[in-house]
Ligand code: NAD
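Numbering (the working numbering), first residue to last: 8 to 429.
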């Protein structure tokens with residue numbers, strides 16, 4: 008099943024229980040706009056190279072669209088479409104005044120120089136600057152992009168529209184970025200792990216963890232879990248996997264990766280075949296790299312009792328059904344990894360107000376947003392007797408449906424809104 012089909016499956020599974028009607032269902036599934044552009048640049052060796060860039064704007068009923076920009080060789084319209092839709096549901100689950108979008112360029116950032124990446128980014132902004140902006144669509148970092156990429160976007164966009172740092176989030180602090188943004192997705196994941204474990208009278212320090220991916224999301228998640236006393240026994244990245252039953256020293260690993268670029272050869276753990284990472288013995292599995300890695304083929308071999316989705320779309324519907332049957336608790340991406348977009352929202356708010364928040368304020372507001380969303384998802388899961396993913400989708404779909412109806416975009420949907428007092 009393709010990524011887009013999987014997202015639509017989850018949407019429909021949840022929408023069925025809400026009875027929103029086929030017309031509204033159709034409206035909420037279809038993206039508002041899909042853009043495909045060619046970004047041709049001169050490589051450092053003087054040759055020309057063409058890359059394809061995508062931006063999918065899925066829904067803006069609740070506010071400007073928001074979503075990351077991914078640089079990866081496998082980026083395709085189907086995947087970007089699926090990720091844009093997930094952003095609509097994610098911003099709605101945590102109740103941010105945003106819709107959803109996503110973008111990507113099919114390039115391999117590991118094979119391009121700093122100067123080439125800068126030229127690709129500027130070429131992409133030249134093509135899409137008219138359809139992004141602080142009240143339209145606000146990109147942010149995702150796989151293969153970072154604060155530096157966002158800085159180039161600010162610079163190029165500002166050439167057309169005047170100084171506009173709020174066109175993107177996840178910027179360097181010097182250009183209006185927020186304290187706490189870089190670590191926010193990992194911090195949010197660690198909060199979520201604590202909420203879920205507390206419901207089983209457990210703490211982060213009682214458990215063992217396996218984490219796929221040691222980039223932004225994986226490395227910060229590992230750091231926070233380690234700081235709270237959790238034992239991270241297995242980690243993998245592009246270069247392979249590592250395992251230490253006594254727990255990996257995440258701070259030392261981070262320093263190693265900072266120096267060498269990848270985790271392979273880390274002396275504080277034994278090598279682990281990357282395919283084994285997902286099925287290794289652990290209590291909590293955190294996929295924090297690619298999509299569609301938990302499938303019908305490996306779902307029965309997963310040993311973890313909890314799966315907390317750091318990556319977007321890591322679980323195929325077939326695997327999800329197996330996890331439900333096996334009683335494995337899955338905390339879905341649209342909630343589990345929402346910490347990044349929550350602090351992106353705080354960054355946008357700070358830019359608009361031209362006022363900086365201290366990091367302790369950012370972190371405590373993030374905690375409050377994630378706590379509220381968790382309580383709401385849990386209440387729906389209890390009342391509808393469903394899994395956490397279906398509950399999260401139901402919360403999100405009902406919010407987006409109401410906004411769509413209130414704006415008068417779909418008359419049928421008015422049945423969803425209680426009659427106001429006169
Ligand atoms: P990143 O580029 O910083 O890191 C990706 C990591 O995955 C790297 O360590 C890379 O080596 C590893 N990786 C790539 N292929 C792999 C493979 N085959 N096996 C194991 N590891 C592999 O990206 P990121 O920002 O950490 O994003 C990771 C995931 O989290 C993506 O699905 C992204 O959409 C999602 N996400 C990111 C954010 C954010 O704030 N950055 C927020 C929400 C969700």
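Note that beta-carbon positions come from the ideal geometry of N, C-alpha and C, so glycine has one too.
Notebook entry, point to check: Expressed to the nearest angstrom, what Euclidean distance is found between the alpha-carbon atoms of residue 346 and residue 227?
Noted result: Numbered from its first residue, the chain shown carries residue 346 at position 339. Numbered from its first residue, the chain shown carries residue 227 at position 220. So the alpha carbons of these two residues sit roughly 12 Å apart.
Note to self: Applying the 10 Å Cβ sphere with the 16-neighbour rule, what's the burial state of residue 52?
What the structure shows: Here residue 52 corresponds to residue number 45 of the chain shown, with the count starting at 1. Label assigned to residue 52: exposed.
Next item on the list: Determine, using beta carbons only, whether residue 219 and residue 339 come nearer to each other than 7 Å.
Entry: Sequence index remark: in the chain shown, residue 219 carries index 212 (1-based). Sequence index remark: in the chain shown, residue 339 carries index 332 (1-based). Pairing residue 219 with residue 339 gives a Cβ-Cβ distance that is not under 7 Å.
Check: Can you name the residues that DSSP bridges to residue 321?
Finding: One-based indexing of the chain shown puts residue 321 at position 314. Under DSSP, no beta-bridge partner is assigned to residue 321.
Note to self: If you reduce the DSSP assignment to three classes, tell me which class residue 273 lands in.
What the structure shows: Translated into positions along the chain shown, residue 273 becomes position 266. Residue state, collapsed to three classes: coil.
Notebook entry, point to check: Using the C-alpha atoms, what's the distance from residue 47 back to residue 189?
Noted result: As a first step, residue 189 is located in the chain shown; it is residue number 182 there, counting from the start. As a first step, residue 47 is located in the chain shown; it is residue number 40 there, counting from the start. Rounded to the nearest angstrom, the two C-alpha atoms are 30 Å apart.
Next item on the list: Tell me residue 408's beta-bridge partners as DSSP assigns them.
Entry: In the chain shown, counting from the first residue as 1, residue 408 sits at position 401. Bridge partners of residue 408: none, in fact.
Checklist line | Helix, strand or coil at residue 284 [DSSP, three-state] | finding: Along the chain shown, one-based indexing puts residue 284 at 277. Reduced to three states, the DSSP call for residue 284 is helix.
Notebook entry, point to check: From residue 264 to residue 151, what does the alpha carbon distance come to, in whole angstroms?
Noted result: Here residue 264 is taken as the residue at index 257 of the chain shown, counted from 1. Here residue 151 is taken as the residue at index 144 of the chain shown, counted from 1. Cα to Cα, residue 264 sits roughly 16 Å from residue 151.
Notebook entry, point to check: Helix, strand or coil: which one does DSSP assign to residue 51?
Noted result: For the purposes of this step, residue 51 is identified with residue 44 of the chain shown, where counting begins at 1. Reduced to three states, the DSSP call for residue 51 is coil.
Notebook entry, point to check: Which value, in whole angstroms, describes the spacing of the CA atoms of residue 410 and residue 353?
Noted result: As a working note, residue 410 is residue 403 in the chain shown. As a working note, residue 353 is residue 346 in the chain shown. The alpha-carbon atoms of residue 410 and residue 353 are separated by roughly 22 Å.
Margin query: Could you check whether residue 107 and residue 66 sit closer than 7 Å to each other, using their CB atoms as the reference points?
Written below: Residue numbering aside, residue 66 sits at position 59 when the chain shown is read from its first letter. Residue numbering aside, residue 107 sits at position 100 when the chain shown is read from its first letter. In contact: residue 66 and residue 107 (Cβ atoms closer than 7 Å).
Next item on the list: Kindly examine the ligand NAD and report whether one of its heavy atoms sits closer than 6 Å to the Cβ of residue 245.
Entry: Indexing the chain shown from 1 puts residue 245 at position 238. Because some heavy atom of the ligand NAD lies under 6 Å away, the Cβ of residue 245 counts as near it: yes.
Next item on the list: Inspect the CB distances between the segment 116-128 and the segment 138-149 and report whether three or more fall short of 8 Å.
Entry: Here the segment 116-128 does not lie against the segment 138-149, with fewer than 3 beta-carbon pairs under 8 Å apart.
Check: Counting pairs of beta carbons, one from the segment 261-278 and one from the segment 314-327, are three or more of them closer than 8 Å?
Finding: No, the segment 261-278 does not touch the segment 314-327.
Check: If you draw a straight line from the C-alpha of residue 99 to the C-alpha of residue 297, how long is it?
Finding: Locating residue 99 in the chain shown gives position 92, counting from the first residue. Locating residue 297 in the chain shown gives position 290, counting from the first residue. Here the C-alpha atom of residue 99 lies approximately 23 Å from the C-alpha atom of residue 297.
Next item on the list: Please check the pair residue 216 and residue 237, which I expect to be a contact at CB under 8 Å, by giving their CB distance rounded to whole angstroms.
Entry: Indexing the chain shown from 1 puts residue 216 at position 209. Indexing the chain shown from 1 puts residue 237 at position 230. With a Cβ gap of about 6 Å, residue 216 and residue 237 count as contacting.
Checklist line | Separation of residue 382 from residue 324, as counted between CA atoms | finding: The residue given as residue 324 occupies position 317 in the chain shown. The residue given as residue 382 occupies position 375 in the chain shown. Roughly 24 Å separates the two Cα atoms.
Check: On the premise that residue 58 lies in contact with residue 113, defined as a C-beta separation below 8 Å, what is that separation, rounded to the nearest angstrom?
Finding: The count along the chain shown starts at 1 and reaches residue 113 at position 106. The count along the chain shown starts at 1 and reaches residue 58 at position 51. Going by Cβ atoms, the distance from residue 113 to residue 58 rounds to 6 Å, so yes, they are a contact pair.
Next item on the list: List the endpoints of the continuous beta strand (DSSP E) containing residue 77.
Entry: Mapped onto the chain shown, residue 77 falls at position 70. Residues 72-78.
Checklist line | Alpha-carbon to alpha-carbon, residue 397 and residue 77 | finding: If you number the chain shown from 1, residue 77 lands on position 70. If you number the chain shown from 1, residue 397 lands on position 390. Looking at the two C-alpha atoms, the distance is approximately 26 Å.
Next item on the list: Leaving out five residues on either side along the sequence, give the residues of the same chain with a beta carbon under 6 Å from the beta carbon of residue 426.
Entry: One-based indexing of the chain shown puts residue 426 at position 419. With a pLDDT of only 34 at residue 426, under 50, the local geometry of the prediction cannot be trusted, and the value read off the model is given with reservation. Excluding positions up to five away in sequence, the list is empty.
Next item on the list: Compute the distance between the beta-carbons of residue 197 and residue 221, then report whether it is under 7 Å.
Entry: Locating residue 197 in the chain shown gives position 190, where the first residue counts as 1. Locating residue 221 in the chain shown gives position 214, where the first residue counts as 1. For residue 197 and residue 221, no; Cβs fall outside 7 Å.
Item checked: Boundaries of the beta strand (DSSP E) in which residue 337 is found, first to last residue -> Residue mapping note: residue 337 aligns to position 330 of the chain shown, counting from 1. Where residue 337 is concerned, the enclosing beta strand (DSSP E) stretches over 336-338.
Notebook entry, point to check: Excluding sequence positions up to five away, which residues of its chain have a Cβ less than 7 Å from the Cβ of residue 25?
Noted result: By one-based count along the chain shown, residue 25 stands at place 18. Taking residue 25 as the centre and dropping the five residues before and after it, the same chain places the C-beta of 401, 404, 405 closer than 7 Å to its C-beta, in chain order.
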